[in-house]
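Chemist: Numbering that gives the first Met the number 0 numbers the first residue of the sequence shown as 0 and each following residue consecutively. I am attaching a structure below and will ask some questions about it afterwards.
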Amino acid sequence: MRSTAEILGHYLPLVQDSESKDYITIHSKRFSFLIDLILKSVNSKNGEGLSVMDIGPSFFTDVLSKNLPQAEIYTMGFAHAASRGGHFPEFIKIDPSKFHQFDLNKSDQKSEWISPPKMDVVIMGEVLEHLHTSPVHVLSFVRSFLKPGGLFILGTPNAVALEKRIHMLAGNNPYELIRLNKDNPGHFREYTVKELKELGEEAGLRMTDYETSNYFARFTNKGRLFDAVTNWLPQTFRTGINAVFTRD
């Protein structure tokens, strides 16, 4: 189950609410892109011998376990009710014995850090932009449980995608206001590839690769036009970033 069509075909019949349906429809393309990136980055077809941490469990945690069935899949995130929702419906099950509760906004307090097992692969997709704590602290915390030579795959929206630049040129702010719900506040800050590279270096991580892609499903002609145009422009105009880091 790797292609967008396979992912949608598997999950759409299972979802019971519109929020989950919208989420998997929008993100299925991203999940397909991300699992392909992971599978080409690891030296294991079925995950045998790998310990993998998914920070911010979601539908993708299940996609990951189906594609790496022999891997030890760990998760990290909140335990409160808001951690469930359209991105992580109740029918997506995780192993509670391998779940590590931690608020990444507390990464600036080293005394609060937890110590999960050392990981071969850590994945943090569409999480960093929701944090108000400096990414240097967050990435330093992640580094603390990444094995030397391990892979950290970080996915986040591209702050300078073409449509955001056009919104700014028109005098509009392309970023949403911080939401009233502190458990789901939206995006505090988005980043560029250059910023991610520099933040990683400050945290002791080395960027070895990155890809930018239009991996969110579009439902309007305008959105599809942006995607079509940016496919012919430099990568920095596309909507999403996936960066691969390692540590010595």
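Glycine included, each C-beta is placed from N, C-alpha and C at the ideal position.
For M167, which residues from the same chain have a beta carbon less than 7 angstroms from its beta carbon, with the 5 sequence-adjacent residues on both sides left out?
Modeler: Excluding sequence neighbours, M167 sits near P173.
Chemist: How far does the alpha helix (DSSP H) with M167 in it reach, from first residue to last?
Modeler: Note, M167: alpha helix (DSSP H), 161-168.
Chemist: The alpha helix (DSSP H) that contains F30, what's its start and end?
Modeler: Run containing F30: 17-40, per the alpha helix (DSSP H) assignment.
Chemist: On the DSSP bridge assignment, give the partners of A242 in chain order.
Modeler: BP columns for A242 point to L153, Y209.
Chemist: Ends of the alpha helix (DSSP H) at V137?
Modeler: Here the alpha helix (DSSP H) through V137 covers 134-143.
Chemist: Could you name the residues that DSSP lists as bridge partners for T74?
Modeler: Partner(s): D53, F98.
Chemist: In whole angstroms, give me the CA-to-CA distance for G185 and L179.
Modeler: Their backbone Cα atoms lie some 9 angstroms apart in a straight line.
Chemist: Of the choices K39, K193, V126, whose alpha-carbon is the least far from that of D182?
Modeler: The residue with the shortest Cα to Cα distance from D182 is V126.
Chemist: Going by DSSP, which residues form a beta bridge with Y190?
Modeler: DSSP, once it has assigned bridges, lists N157 as partnering Y190.
Chemist: Given I152, which residues of its chain have a CB within under 6 angstroms of its CB, disregarding the five upstream and five downstream residues?
Modeler: Cβ within range, chain order: I122, V243.
Chemist: Can you give me the start and stop residues for the beta strand (DSSP E) that G124 sits inside?
Modeler: Per DSSP, G124 belongs to the beta strand (DSSP E) from 118-124.
Chemist: Considering only the beta carbon of each residue, do T238 and P134 sit closer than 8 angstroms?
Modeler: Going by C-beta atoms, T238 is not nearer than 8 angstroms to P134.
Chemist: Distance, Cα to Cα, S43 vs H99?
Modeler: Those two C-alpha atoms are separated by around 25 angstroms.
Chemist: Check for me: the alpha helix (DSSP H) holding I6 runs from which residue to which?
Modeler: That run of the alpha helix (DSSP H) goes 3-10.
Chemist: If you measure between the beta carbons of E111 and F187, is that distance less than 8 angstroms?
Modeler: Contact flag unset, no.
Chemist: Contact defined as beta carbons within less than 8 angstroms: I believe M75 pairs with F101. What is the distance between those atoms, to the nearest angstrom?
Modeler: The Cβ separation is near 6 angstroms, so the contact holds.
Chemist: Of all the options I177, V137, G124, which has the alpha carbon lying nearest to the alpha carbon of L103?
Modeler: Considering only alpha carbons, the answer is V137.
Chemist: I'd like to check one pair, L13 with G46: are the Cβ atoms closer than 8 angstroms?
Modeler: Cβ atoms of G46 and L13: not closer than 8 angstroms.
Chemist: For F87, does the three-state DSSP call read helix, strand or coil?
Modeler: Of the three classes helix, strand and coil, the one that applies to F87 here is strand, per DSSP.
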